[in-house]
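Those protein sequences? They're chains A and B, same order as listed. Anchor point for the first sequence: position 62 equals 62 in full-length UniProt numbering, and the numbering is continuous, going up by one each time. Anchor point for the second sequence: position 110 equals 110 in full-length UniProt numbering, and the numbering is continuous, going up by one each time. Built from N, CA and C at the ideal position, the CB exists for glycine as well. Let me begin by presenting the structure, written as structure tokens, before commenting on it.
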Amino acid sequence: MADAPKRTPLYDLHVELGGKMVDFAGWEMPVQYPLGIMGEHKHCRAKAALFDVSHMGQVILKGENVGAKLEALCPQAFSTLKEGKARYGFFTNENGGIMDDLIVSNAGDHFFVVVNASMRHQDIPHMARHLDGIEVIEIFDRALIAVQGPKAEDVVGNLCPGVRDLKFMETIIGAINGVECRISRLGYTGEDGYEISIPQDGAVEVARAFLADENCEPAGLGARDSLRLEAGLCLYGNDIDNETSPIEASLIWAIQKRRREEGGFPGADRIQREIAEGTSRKLVGIRPEGRAPARQGVEVQSEDGKAIGVVTSGGFGPTAGGPVAMGYISTDSTEPGTRVNLMIRGKAQPAQIVSLPFVQQNYKR
Amino acid sequence: MTTYYSEEHEWIAVEGDIATVGITAHAAEQLGEIVYVEQKDGGDTFEKGDEIGVVESVKAASEIYAPVNGEIVEANEALADSPATLNESPEGDGWLYKIKLSNTDQLNDLMDLDAYKAFIA
């Protein structure tokens with residue numbers, strides 16, 4: 001029998017706010033609040049939304065040359081990651097597939113890593129096994145909250161003015177209502193915003209302080225998924241997994257030039273070859289022309305009825321105002337504007353290949 | 001006119017052998033904001049338990065199952081352009097089909113309002 005789902009430090013607050021709680025990766029999390037997925041999504045794009053992401057794995061890496069050692073597991077340039085900077089990356093396997101994606105921050109005397117909730121059981125032993133001489137400390141006593149949206153700078157900045165000066169992918173330690181937090185300017189919505197790691201005892205108080213701002217509403221996992229999909233951001237397990245390479249997943253931007261050239265990470269053979277020669281399939285945006293959402297697993301066909309790919313994430317985009325999807329398509333059919341058919345419940349629904357993202361990303365560079 | 005309710009959360013308002021079918025307010029609330037409705041065409045026949053449509057919320061797709069045997073007389077085509085009507089008025093303007101019943105005895109297997117209220121409580 002599976003273990004009872006775990007609760008984050010904000011569980012009681014979610015229930016108080018009317019959150020509809022569901023089991024997600026072994027955690028009892030709010031999928032939505034009374035405002036609803038659509039309302040929460042739009043509120044995030046218009047003002048600001050608060051998400052509890054405490055189910056994600058927070059890890060401290062301590063020791064000499066952490067960045068260089070991480071480079072043996074990931075194709076990112078972490079040895080040159082400057083103090084106070086964060087970088088998106090992924091663990092690759094020997095076949096060049098993606099084991100998980102993560103955010104790595106250089107916190108000065110240690111590195112701070114955030115991994116997916118569903119993969120923490122894999123990632124932490126993986127790092128402990130391979131990072132020789134590095135202490136891998138999984139954090140269990142801190143919450144993680146995301147405040148996202150064009151008003152996020154005001155919502156967080158009114159309580160901690162220093163965060164206004166942060167740029168996208170920068171991180172600092174700051175006090176919020178006397179609670180010392182790690183505040184990073186990044187997120188998973190395509191909007192400006194912050195992720196804030198908070199000692200669990202102060203987490204509810206800090207969340208309440210953000211929610212006291214009239215611009216900030218709580219948002220659940222439902223809106224988090226529709227926001228990231230519109231922003232063209234991959235979800236591990238849907239759009240990327242152990243079989244998909246970062247080149248197929250259009251994540252080459254996340255592999256820095258030196259690493260592309262030097263290799264020295266798991267699966268470098270395949271990844272370097274794909275950089276040079278291309279791939280047979282690519283992750284692209286798909287815009288259905290009708291109203292029917294195309295969900296994960298829907299087959300994509302060419303106009304003449306040949307199977308050319310599959311939807312990996314799809315649903316309704318509240319800001320896009322219609323269905324949106326992502327999926328792997330044969331590279332020769334990935335030109336934006338290419339017309340395809342989505343086989344939804346046995347019927348061909350017309351769609352077009354489009355460039356990602358579906359909505360403009362509003363990061364503060 | 002008598003209204004019956006199914007365990008699949010449909011309502012069916014019957015007058016003679018003609019009935020109007022929709023999803024209950026409880027079902028609409030559970031589904032959340034509905035963004036797409038797929039319906040059968042007028043003239044299609046079906047049996048109890050057949051899939052007669054799909055409603056999709058932001059989050060997921062849910063099938064609609066026929067509560068009785070019958071034939072579709074009319075589909076509420078307005079839902080194609082305004083699926084949100086299913087949330088705003090699930091037991092009114094958000095009706096899905098007018099149907100002709102082929103076996104009125106099957107109505108005895110359905111619930112009345114009090115029984116349905118107890119069922120979802």
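{"Asked": "Is it buried or exposed, residue 218 of chain A, if we count other Cβ atoms within 10 angstroms and call 16 or more buried?", "Found": "buried"}
{"Asked": "What residue does the beta strand (DSSP E) around residue 91 of chain A start on, and which one ends it?", "Found": "86-92"}
{"Asked": "Given a cut-off of 7 angstroms on the beta-carbon distance, is the pair residue 67 of chain B and residue 29 of chain B in contact?", "Found": "no"}
{"Asked": "How would you list, in chain order, the residues of chain B whose beta-carbon sits under 7 angstroms from the beta-carbon of residue 316 of chain A?", "Found": "35, 58"}
{"Asked": "Looking at C-alpha atoms only, which residue of A:87, A:131, A:361 is the closest neighbour of residue 227 of chain A?", "Found": "A:361"}
{"Asked": "Would you mind giving the Cβ-Cβ distance between residue 54 of chain B and residue 35 of chain B, rounded to the nearest angstrom? I have them listed as a contact below 8 angstroms.", "Found": "Not quite, the Cβ-Cβ distance comes to about 12 angstroms (not below 8 angstroms), so this is no contact."}
{"Asked": "If the cut is a Cβ gap below 8 angstroms, which residues of chain A does residue 54 of chain B touch?", "Found": "345"}
{"Asked": "In chain A, which residues lie with their C-beta within 8 angstroms of the C-beta of residue 38 of chain B?", "Found": "292, 345"}
{"Asked": "I need the straight-line Cα distance from residue 1 of chain A to residue 300 of chain A, nearest angstrom please.", "Found": "With a pLDDT of only 48 at residue 1 of chain A, under the threshold of 50, the placement of this residue in the model should not be trusted, and no figure is reported."}
{"Asked": "For residue 45 of chain A, which of A:192, A:328, A:347, A:167 has the nearest alpha-carbon?", "Found": "A:192"}
{"Asked": "Give the straight-line distance between the Cα atoms of residue 366 of chain A and residue 16 of chain B, rounded to the nearest whole angstrom.", "Found": "The question about residue 366 of chain A has no answer here: the residues shown for chain A are numbered 1 through 365."}
{"Asked": "Does residue 125 of chain A come out as helix, strand or coil in the three-state DSSP assignment?", "Found": "helix"}
{"Asked": "Terminal residues of the continuous beta strand (DSSP E) containing residue 15 of chain A?", "Found": "No beta strand (DSSP E) contains residue 15 of chain A, which is instead part of the alpha helix (DSSP H) from 11-16."}
{"Asked": "DSSP puts residue 20 of chain B in a beta bridge; with which residues?", "Found": "B:13, B:98"}
{"Asked": "From this set, A:141, A:55, A:184, which residue's C-alpha is nearest residue 160 of chain A's C-alpha?", "Found": "A:184"}
{"Asked": "From the DSSP secondary-structure annotation, give me the bridge partner or partners of residue 108 of chain B.", "Found": "Its beta-bridge partners do not exist; DSSP assigns none."}
{"Asked": "Cα separation between residue 333 of chain A and residue 352 of chain A?", "Found": "10 angstroms"}
{"Asked": "What does DSSP give as the partner residue(s) for residue 3 of chain B in the beta ladder?", "Found": "B:13"}
{"Asked": "Could you tell me which of B:69, B:33, B:31 sits nearest to residue 21 of chain B, measuring between CA atoms?", "Found": "B:69"}
{"Asked": "Residue 38 of chain A touches chain B at which residues, Cβ-Cβ below 7 angstroms?", "Found": "33, 58"}
{"Asked": "Just to confirm before moving on: does the CB-CB distance between residue 256 of chain A and residue 86 of chain A stay below 7 angstroms?", "Found": "no"}
{"Asked": "So, is the C-beta of residue 222 of chain A closer than 7 angstroms to a C-beta in chain B?", "Found": "yes"}
{"Asked": "Roughly how many angstroms separate the alpha carbons of residue 21 of chain A and residue 267 of chain A, rounded to a whole number?", "Found": "39 angstroms"}
{"Asked": "Whole angstroms is fine: what's the gap from residue 248 of chain A's alpha carbon to residue 99 of chain A's?", "Found": "14 angstroms"}
{"Asked": "Since residue 114 of chain A and residue 103 of chain A are thought to touch, with beta carbons under 8 angstroms apart, how far apart are those beta carbons, to the nearest angstrom?", "Found": "5 angstroms"}
{"Asked": "How would you write the range of the alpha helix (DSSP H) that residue 206 of chain A sits in, first residue to last?", "Found": "200-211"}
{"Asked": "With a threshold of 8 angstroms, are at least 3 pairs of Cβ atoms found where one atom belongs to the segment 315-333 of chain A and the other to the segment 126-136 of chain A?", "Found": "no"}
{"Asked": "Exposed or buried, residue 120 of chain A, counting other C-beta atoms within 10 Å across all chains shown (16 or more means buried)?", "Found": "buried"}
{"Asked": "Counting only the same chain and skipping the five closest in sequence on each side, list residues whose C-beta sits under 7 angstroms from that of residue 339 of chain A.", "Found": "303, 350, 352"}
{"Asked": "Going by DSSP, what residues sit across from residue 288 of chain A in a beta bridge?", "Found": "A:351"}
{"Asked": "Distance, Cα to Cα, residue 74 of chain B vs residue 319 of chain A?", "Found": "33 angstroms"}
{"Asked": "For the segment 161-181 of chain A against the segment 53-71 of chain A, are there 3 or more C-beta pairs whose distance is under 8 angstroms?", "Found": "no"}
{"Asked": "Mind pulling the chain B residues with CB within less than 8 angstroms of residue 226 of chain A?", "Found": "58"}
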